[in-house]
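Reviewing the structure listed below.
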Amino acid sequence: MENISLSGKIALITGASQGIGAAVAKAYAKAGAHVILLARNVAGLEIVDDEIREAGGSATIMPVDLLKLDELDALGPTLYERFGKLDIFVGNAGMLGTLGPLTHADPKEFQKVMNINITANYRLIRTLDPLLKASDSGRVIFVSTGASVTKGRAYWGAYSISKAGLESMASVYAQETANTNVRVNVIDPGAVRTDMRKSAKPGEDPNNLPAPDDVVEEFLNLAALSCEKHGEIIHL
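Residue numbers for the sequence shown follow my numbering, beginning at 93 and rising by one.
Next up, the structure:
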């Protein structure tokens, strides 16, 4: 793995209390960034925060429920007041929902999945955009899935639909920031040993899957000052 320095950078990671989000946060902190850990699970955030500090890194815990969309609008001004900028935003948080036929989906759960997987990311981009543009190297990384392919994936319902929408939104934002210092990309990490994967594939042997720590390299590459990729979907 290339030795990438994120010294002096401010990074916000959603879904940072476990899984890929926690692994990325710890990798960024190890590379020198101050990481802002955002999730609803306070206990999980505290564990990640402790691990980062024990390793010599620095972090800020930010307990936030992404379903409270109106509260997300205040995040940009709050971070500006505290840090003055934001260099890296990783939109990792996601909700799987119940898998099954689309016509059997519960409307309330369907909307909940859409709100977490795409609407919350839109609201975050909306409030964080000025801070990312204030950075000399703003980096935005969204986490998607192979289930978002253009034709969708049968029985993956709102998850597949929302992730396809997320990729489209990332493409739109990338085009609109083409003449700025901001770089916007999407990572499809593939099958990873996470709780979400276990829910989707309960019969699968998790020992055959890569751990979250095994997929952080590309997150470091896309966060680096040297990153030239923009508007891409990277499949791991």
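All residues carry an ideal CB built from backbone N, CA and C; glycine is no exception.
Taking DSSP's pairing of strands, which residues face Val276 in a bridge? Here residue 276 is taken as the residue at index 184 of the sequence shown, counted from 1. According to DSSP, Val276 bridges with Val232.
In or out: Leu317 buried (at least 16 other Cβ within 10 Å) or exposed? Locating residue 317 in the sequence shown gives position 225, counting from the first residue. When all chains shown are included, Leu317 counts as exposed.
How about Pro155 and Val140: are their beta carbons less than 8 Å apart? In the sequence shown, counting from the first residue as 1, residue 155 sits at position 63. In the sequence shown, counting from the first residue as 1, residue 140 sits at position 48. No; because the gap between Cβ atoms is not below 8 Å, this pair is not in contact.
What does the alpha-carbon distance come out to for the pair Leu191 and Asp287? Residue mapping note: residue 191 aligns to position 99 of the sequence shown, counting from 1. Residue mapping note: residue 287 aligns to position 195 of the sequence shown, counting from 1. Each residue's alpha carbon lies about 15 Å from the other.
Can you tell me the Cβ-Cβ gap for Val205 and Ser254, rounded? I've got them flagged as a contact below 8 Å. Residue 205 sits at position 113 when you count from the first residue of the sequence shown. Residue 254 sits at position 162 when you count from the first residue of the sequence shown. Indeed they touch by this definition, with Cβ atoms about 6 Å apart.
Taking only three categories from DSSP, how would you classify Thr211? Indexing the sequence shown from 1 puts residue 211 at position 119. Three-state result, Thr211: helix.
Any idea what DSSP makes of Met288, helix, strand or coil? Here residue 288 refers to the residue found at position 196 of the sequence shown. If DSSP states are grouped into helix, strand and coil, Met288 belongs with the helices.
By how many angstroms is the C-alpha of Thr219 removed from the C-alpha of Pro199? If you number the sequence shown from 1, residue 199 lands on position 107. If you number the sequence shown from 1, residue 219 lands on position 127. Going from the Cα of Pro199 to the Cα of Thr219 covers about 28 Å.
Identified DSSP bridge partners for Ala131: Against the sequence shown, residue 131 aligns to sequence position 39. For Ala131, which the question treats as bridged, DSSP gives the partners Pro155.
Outcome for Gly351 when other beta-carbon atoms lying within 10 angstroms are tallied against a minimum of 16: Because the chain in this structure spans residues 93 to 328, residue 351 falls outside the shown range and cannot be described.
Are three or more beta carbon pairs between the region 232-239 and the region 171-182 nearer than 8 Å? yes
Label Tyr120 either buried or exposed according to how many other C-beta atoms from any shown protein chain fall within 10 Å of its C-beta, with 16 as the threshold for buried. Position 28 of the sequence shown, counted from the start, is the residue given in the question as residue 120. The residue is buried, with at least 16 neighbouring Cβ atoms inside 10 Å.
On a CA-only basis, which of Arg215, Gly168, Thr211 and Val278 is nearest Lys225? Give me that one, please. Residue mapping note: residue 225 aligns to position 133 of the sequence shown, counting from 1. Cα-wise, what sits closest to Lys225 is Gly168.
Local Cβ density within 10 Å of Tyr247, reported as buried at 16 or more and exposed below that: Here residue 247 is taken as the residue at index 155 of the sequence shown, counted from 1. Exposed is the call here.
Could you pull the DSSP bridge partners for Ala103 from this structure? For the purposes of this step, residue 103 is taken as residue 11 along the sequence shown, with counting starting at 1. Paired residues: Val127 and Ile180.
Among Phe202, Gly323 and Asn207, which residue has its Cα nearest to the Cα of Asn271? Mapped onto the sequence shown, residue 271 falls at position 179. Of Phe202, Gly323 and Asn207, the residue nearest in Cα terms is Gly323.
Delimiting residues of the alpha helix (DSSP H) encompassing Glu309: Here residue 309 corresponds to residue number 217 of the sequence shown, with the count starting at 1. Its alpha helix (DSSP H) spans residues Val308 to Ala315.
Cβ pair count under 8 Å reaching 3, the region 96-106 against the region 123-131: yes
Grouping DSSP H, G and I as helix and E and B as strand, with all else coil, what is Ile96? Residue numbering aside, residue 96 sits at position 4 when the sequence shown is read from its first letter. If DSSP states are grouped into helix, strand and coil, Ile96 belongs with coil.
Quick one: Cα of Ala185 to Cα of Ala147, how far? As a working mapping, residue 185 is identified with position 93 in the sequence shown. As a working mapping, residue 147 is identified with position 55 in the sequence shown. Using only the alpha carbons, I get a separation of about 24 Å.
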